[in-house]
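Single-structure report; data block below.
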Amino acid sequence: GGQKDAEGTQQEAEGKMIIRIADQVPNLITPGVWDGQVFSLNSSIYDYLIEMDAETGKLIPALATEWSSEDGKVWTFKLRKGVKFHNGTVFTSEDVKYTIEMTQDPDMGHLKKEDFAVVESISTPDDFTVIINLKEVLPTFMYQMTDYHMAILSSEYDYDKLGESAPMGTGPFMLKKLIPKESALLVKNPDYWQPGLPKADELRIYFVPDIDASVSMLEAGDVDIVPQISPIIKKRLEVSEGYNVVSPYQEHRYIAMAADREPFDDNNVRLAFKYCMDPEILGKACQGTFEKDIYYNETPLLNKHEQYKDIPFRGRNIEKAKELLAKAGYPDGLTVKFYYASDHPYGNEIAQTLKEIAAPAGFTLDLKGFPRDIYLSQYWMNEPLLLTGWGGRTDPSMMLTLAYHSKGPWNESHMNDPEVDDLISKIKSEIDDLQRQKYYDKLQEVFFERGTVINIQVPYLVGLSNTVQDYRQPVTMITQLKYACLK
Amino acid sequence: MKTMFLLLKRNPLAVLGIVILFIWIFAAFFGPSFLSYTYTEMDMDHQMSLPGEYNHLLGTDALGRDVFARIIYGSRSILTVALMTSLFSSIAGILIGFTSGYFGGLIDMIFLRIMDIVMAIPPLVLAMVVLGILGDSTIFSLTLIVSIAYTPATARVARGALLSCKGNEYVDAARIRNESHFFIMFVEILPNTIGPVIVEITARFAYSIMMIASLGFLGVGLQPPTPDWGMMVIENKSIIKTASWTVLYPSLAIASLVIAVSLFSDFVSKVMIHEK
Amino acid sequence: MVLTLAVMSFIIFVLVEIMPGDAAQTVLGQSATPESLAALRESMGLDDPLYIRYGRWAGAFIHGDLGESLYMRGVQINTIFWRKVGHSVILALTALVFYVPLSLFFGVLAGVKAGKLTDSIISFFGLATMALPEFVSGIILITVFAIKIPLLPITSIIPIGETLWENLNILVLPALSITFVMFGYVSRMQRSSMITVMNSDYIRAAVLKGMPQGYVIFRHALKNALLPTITIIGMNMGWLFGGLIVVETLFGFPGLGSLTLSAIKTRDVPLLEASVLFITFIFVISTFITDMMYAFLNPRIRFKRGEV
Amino acid sequence: MKNRPILEVKNLDVVYKTLTDEIVALKDINLQVGERESLGIIGESGCGKSTLFYAIMGYLPSNGNSTGEIFFKGENLLEKGQKEMMEYRGNRIAMVYQNPYSSLNPSLTIGYQLDEVTMFHRRFSRKEARKVSIQSLTDLHLGDAAGIVHRYPHQISGGMQQRICIAMALLCRPDLLILDEPTTALDVTTEAVILDIIGELKEKYDMSLIYISHDIGVVNKVSDRIAVMYRGEIVEKGSQNTIYQHPDHPYTRALINCMPRSGIVKEEVRLNTIQGYVTRRSAAETGCPYIARCEKKAHDCEKGYGLKENSPHHFSACTRAYAVDVPDRERTALKKVEENYDEEKNILKIENLYKYYGRQGKKIRALDGVTVSLDRNNVLGVVGESGCGKSTMGLTVSGLLKPTKGKLFFDGMDISVSWEKRTPDTLRGIQLIFQNPGRSLNPSFTIETIIGRPMKKLLGIKSKVERRKRIIAILKKVDIGEEYLNRKATHLSGGEMQRVALARAFSISPDLLICDEPTSALDVSVQASVLNLLGDLQQESGAAYIFISHDLNIINYFSDYIMVMYLGRVCEYGRKDEVVGPPYHPYTEALLSAVPDVDPSLKKRTIRLEGSPPNPTKKIGGCPFAGRCHRQIGEICINVPPPRVEFSDTHFVYCHLSKEEMQGISS
Ligand SMILES: Nc1ncnc2c1ncn2[C@@H]1O[C@H](COP(=O)(O)OP(=O)(O)OP(=O)(O)O)[C@@H](O)[C@H]1O
Ligand SMILES: Nc1ncnc2c1ncn2[C@@H]1O[C@H](COP(=O)(O)OP(=O)(O)OP(=O)(O)O)[C@@H](O)[C@H]1O
Ligand SMILES: [Mg+2]
Ligand SMILES: [Mg+2]
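Below you can see the structure in the form of structure tokens.
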């Protein structure tokens, strides 16, 4: 830490505040077609219509100053005036229209294509108003605009060609230099619309594939921020002075039990597996400590979601699990392959712990850990027992449609329950908050009873040197580095 | 036999190597039955406990697993894989090298070229690609990959050994008895090339231990919770500062086994020279 | 050589083809839907049959165009590749400068003192360094020289806006861990060839001609004893330039090795082609240079053709 | 001793420590070499000859240890350190080794290796050194000395290499020159030249000489006195003539008698043999080292054993060489069996055989039109210098090589194909015995497998019991006991191995046996027993032999017909008495003159064959020997192929000389 301070003062002397970040992922930045991980770079270059407050989870205006919908079908966004892209062009409603239309570009394979398929038409009555007509009622539509894929792009810029080498938006920082797979230099956007922001003058982002190397850099004072560290590294940083490990939000680790595959097509087996769970041990394995209220449930929701219904934990009961297994026709236990991404944080910890705690009931888990790309391309969605990492969603309904509706594109547990489908559609289109919460409660009860998911929630971890202040990252995963500063 | 003992007496290092090797073999066979923990058992109340504390001889790792137990169990997989890879790559190497050297000419040229190409690919790149194709890092697939990566080198050694024997007149004698090529290659020549080949096998043994460990480092090693030594180092390398024993002891285990095998291999080559 | 490279490039194409997953998949990750995958594949040109893709790639390659990265769309490989190659070359040369003299010196010393204590110490030390995988010795080096005694940088990151030349100290630890691996290997090789040579008839003849020991070792023995070692060093050159995946990953060194690794992970065929072909090229070239050196040191080969 | 001693070895013992025990390599050696005297040392392999001279040079292997005294000009060399010894080595005592090629550094030029000697010992400048080096090469009759200094060792022939080694040894005009089997690796003709030069130089430089060899004939050519070594001891020493004419020690006598020499042929007398072979000597052993093999041993042999001066200047450890209480072993002659006429007499016919190695354009003409035939029950001896195609002919007949051109008939059958296409019966009928028995027996097989395999394969004997019965029988014939059945070949001595090889060949009753230098890797004593055995087996089986050797003495002893080859062609062919006596081909004449004789009284003029045979890749228009021929008669020899000159039905010569000229050559 001491070394770092010396350098910090040196930078002060130069009068510049430079924040340095070690990111694990290579630079891949074209909006819409990246796997949502490289946030420090993108979220600094681009802006979004709506931001989420990292503390409260409330939506706050960004490029859109207001948004409203009477019926949940027609949405009006009022845009901020006087915002300029880095290349000097003025931000207008055309750009928003372009950004949304891009999701439907058949050549691109935009990752939000599904979500924006409901958009019927977009009109731009003036330069700073956008009206979006939906095909159906969707009271939560505005949440889509907080998604990290929905960075606002300039309609006049050729992203196809320049997106990777010279990305450009309205964001707080401008890309000055990019050495692919090595580093990126971003400088303050002097014309940023938010007064006083960004606080830092420069961002230096290093792409370091090895997390240990990144953390070593943090320890050596070569960087200030290391996002996405693993729990074991948290343990390492915690014992020394000079660093903070923060967990800005929770992520899901879903254990998906395919409802249409042996052996989990039998709810008894699913229940038996659930009876093996021990949130305390899982929590300790992942975190070293146990915080019961956050970590575990058997529904798709985060415990932190306000829609979450606090169903009491069923308790670990091996006898019961054995009994259920016997009922399902496995009196002598059974062997299942358990697929997961071994290079994803918590993957190994959860997998190994599950193997251990499920064993007494007769589950023999055959662990199959793969690098994330292989896991996703080969096994995900195809195997009966999976561990998948999902980022949290601002609104739980987004997750439900994608992953638990029988027609959801990423229905990894092959959930095919008419009641669930029905509840999901009702949740999506219900405008009344109270009524919607009732549907949510019912849905969670159904999941507790016969759901296909075990939801372990783990903190997303970021290592910071303790000179870093105001590191903000809401559950949208977008790093709001414009607020960050050095002491 | 007697000369073997006398040679041993002269080579204390070889004795050391053989003793360590025997310890590991013993540990692999019988070690687990003496342990009070299994390699997966998690002592969640004592994560990263110091060696000696709470009845954990070499401490525990981040998941509260007994490092000693994992090392002992780990000797099994590492010995198996290393043994199998050295065996496979030598069998394949002998087959290829012998065929190539024995028939010579065009076959030889093609085989050599292919081996050159395989050797030109960095073994780790090769391994990662092939692992990707095979899909799963099991003991079997790892064995296969490491064998593929090491086969060209072994084949070259085997080819060289064959060529040095091929000129011997007993081969000519066999030819004019009209023996089959197979007989000449594998019955007449093979036993006489076993010296350099054995030296090569033992050397490969050490290398495969390292390569498997390196694959683990790159995230494509054996599946957890297999207590693979290389993987133990990798799993815990992040906490080397806070819980150095979790890295130190598995590293020592790797080093001791590799050194032991190398000392043994040196000794084997000495014995081979002496036999001549 | 051209043939080797051609065969190699085709093999890579085929191998990546049979590897599960593709660049599109890695770009889209978990959010991939069949539709988005299909669209992206099409725009990446992954839909075409293998031979067409290969032909397209090879056609460009012949003209010096390494193509466009699949993973980083729009990025010309030529613009990023040579920088990493440069880094790796510098690292490799640094490592060579470290390990070649060291291992030759100690190898010769051990060979001359064969059977003595000096020999045992050197040999054992060589074995011990050889026995540690790179990542273990690397971690040890980091712990000692960067953490316990903060002399050298822990990682080999080039600060933004600077070049490798301004940060030569980042080469030391990676080069040292390579030295660790190679030292034992090369010095043992050198030792045994030294022993062979020292026991040869011509060395005996030189001694019995009344030549002093040092002279015999340097003028008579060394040149011949270096031959096998040179081959070994040459054969490992390819590895040194591109196979340093583990070391580069460990130290975060922006070189060819880590580039190759990420190319595999992202199924970035053109990038992988560039990396592997370059490594192969180095391998072939260094084999060639080794042969030349061999011939230079060994007159028996030099005059193989023609002459007497 | 005529002169002041320059070297005096007193009570020298050398012990080698090995893993298992201690080997006494030298025991109580006492020796003097006078000024300008030349001492020859003979003894079989492993008798400690080399060890003796490493001890003198102070350069024993690291596991060797010497005790005693070695005085060189009054100074005890054994007390000198390595640094002081440098002053002697190469300077006052110089050495020449058996294998010239391996004693020259392959990566340094000849000139460099010569120059450094004088630069070190005489502090010459590079220029002076070079001048001296070139001069010394010229002294050794090396043409183009100035060119040779720029070459590397591999670029010159073996004979030249050895001359360079000698030149190197002579650079500092040493007082003592030690030659350790300097010609063993060379051809007879080259050997003759080198021996000649050595004699000449000795006179010229006034130096003392020690010449080590296992061949008494060679030693006779250059030494005044001879010492005989056996198992680390000097068992007899005396002047050249005394040793030959009246050896006192039974070993000396046996050694002399087991050498084939001119005038002895197998039909008349069998070679003397010494049973057993040289064994290593352990520290515990005392008394007569030869007792285990001695024919003349008596009950009181141990008593009074030790080197004594029995007659002036003639020392011997034992005087029982001609002891009458134990009679001499009878050496029966080999009677030729009656020829069997109910079969076709001819067994092998070679017609115009060509064999080229290598590719087009760089063809090596190993056989260049050879025609010869061989009858049953006859031995065809093939002689010629190294590389003249002797082995190639053997291999082609055996089927290992396919002829390039020409025809081979075996028993009337065309066998001009390689082994794959021959019938099992042909494969059985033609057997090969190789030069190196160690390499012709698979070291990982037991004797039983080695002999049994061809029986199974070629005779089709499936029953193991039957095979074993036959193996035991055949082993008995070659004097090897049943207890060897399960031994590995590596555990046999060289002689035993060669006998097993013979057993293997004869186990399937061949009609034609090709022996390619079957004894040249063996010690003389063992050579004799193998030759005897070969003779016995032939007599018994009636097989025909092609017997290849570069040693005319052996050929003469063993063959019925002799073919002299040069560069792939036949020079002379005939019955052996026709070939070894005039008229000769000039090449035969040179060969005969080069053969060292056991009997020192037979001084004959050596014809110095300079140079080496021409490059076999070049096509030769005339007589291949023309370039080196001492009787060359002009252009015709170079340009026109020599005609076949017939002296009898069986005797012909290819030469341009007229019949009369050839007949005029006297022996
Ligand atoms: N370094 C050694 N260690 C052990 N034994 C040795 C060593 N060198 C030689 N000997 C043994 O000492 C004996 C004498 O060997 P030496 O080489 O002096 O014999 P030699 O008469 O020169 O034989 P050759 O004719 O084969 O050269 C042999 O039995 C040999 O095996
Ligand atoms: N396999 C081969 N390839 C090429 N050339 C060969 C081969 N074998 C022999 N020769 C060449 O053919 C010629 C005849 O060789 P061959 O071995 O028949 O001679 P040799 O009379 O048996 O000699 P030696 O007395 O040395 O055994 C030589 O010039 C030799 O170099
Ligand atoms: Mg000798
Ligand atoms: Mg021959």
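Residue numbers (our numbering), protein chains in the order written: chain A, 4 to 490; chain B, 79 to 354; chain C, 46 to 353; chain D, 12 to 678. Note that beta-carbon positions come from the ideal geometry of N, C-alpha and C, so glycine has one too. Note that this is a predicted model, so its numbers are computed, not measured.
Ligand 1 heavy atom lying under 7 Å from the CB of residue i
i: D:Cys7; result: There is no way to answer for residue 7 of chain D, as the model of chain D reaches only from 12 to 678.
i: D:His257; result: no
i: D:Cys58; result: yes
i: D:Pro72; result: yes
Residues near residue i by beta carbon distance below 7 Å, same chain, minus five either side
i: A:Gly11; result: Residue confidence is low: A:Gly11 scores 44 on pLDDT, short of 50, so the model does not pin down where it sits. Its coordinate-derived value is still stated next. Here the set comprises Thr470, Leu489.
i: A:Ile214; result: Gln27, Ile232, Ser233, Ile236
i: D:Val230; result: Gly51, Ile53, Tyr222, Ser224, Ile237
Check: residue i C-beta below 7 Å from any heavy atom of ligand 6
i: D:Tyr27; result: This structure lacks ligand 6; the ligands present are ligand 1, ligand 2, ligand 3 and ligand 4.
Where residue i sits in the DSSP three-state scheme
i: A:Lys179; result: strand
i: D:His165; result: helix
i: A:His308; result: coil
i: A:Gln483; result: coil
i: D:Val393; result: strand
i: A:Cys488; result: strand
i: D:Lys373; result: coil
i: C:Pro273; result: helix
i: D:Ile405; result: In the sequence on display, residue 405 of chain D carries Gly and not Ile. Looking at D:Gly405 - three-state DSSP - the assignment turns out to be helix.
Supposed contact pair residue j and residue i - C-beta distance, whole angstroms, cut 8 Å
i: B:Asp139; j: B:Thr324; result: 5 Å
i: D:Arg103; j: D:Leu187; result: 7 Å
i: D:Ala514; j: D:Leu486; result: 6 Å
i: A:Ala25; j: A:Val211; result: 5 Å
Interface partners of residue i on chain C, CB under 7 Å
i: B:Met288; result: Pro178
i: D:Met106; result: Leu253
Cβ-heavy atom distance, residue i to ligand 2, below 7 Å
i: D:Pro627; result: yes
i: D:Ala377; result: yes
Contacts of residue i in chain B (Cβ-Cβ under 7 Å)
i: D:Arg450; result: Asn246, Glu247, Tyr248
Proximal residues of chain D, C-beta to C-beta of residue i below 7 Å
i: B:Leu269; result: Sequence check: residue 269 of chain B is Pro here, not Leu. Result: Ser455.
Neighbour list for residue i in chain C, Cβ cutoff strictly below 8 Å
i: A:Leu165; result: Gly119
Cut-off 6 Å between Cβ atoms - residues of its own chain near residue i, not counting five sequence neighbours on either side
i: A:Leu446; result: Leu426
i: A:Pro230; result: Val465
Chain-ordered chain A contacts of residue i [CB-CB under 7 Å]
i: C:Glu80; result: Gly112, Lys116
Beta-carbon neighbours of residue i, restricted to chain D and to distances below 8 Å
i: C:Val252; result: Tyr70, Arg100
Spatial neighbours of residue i in its chain, beta-carbon cut-off 8 Å, leaving aside the 5 residues before and after
i: C:Gly119; result: Glu113
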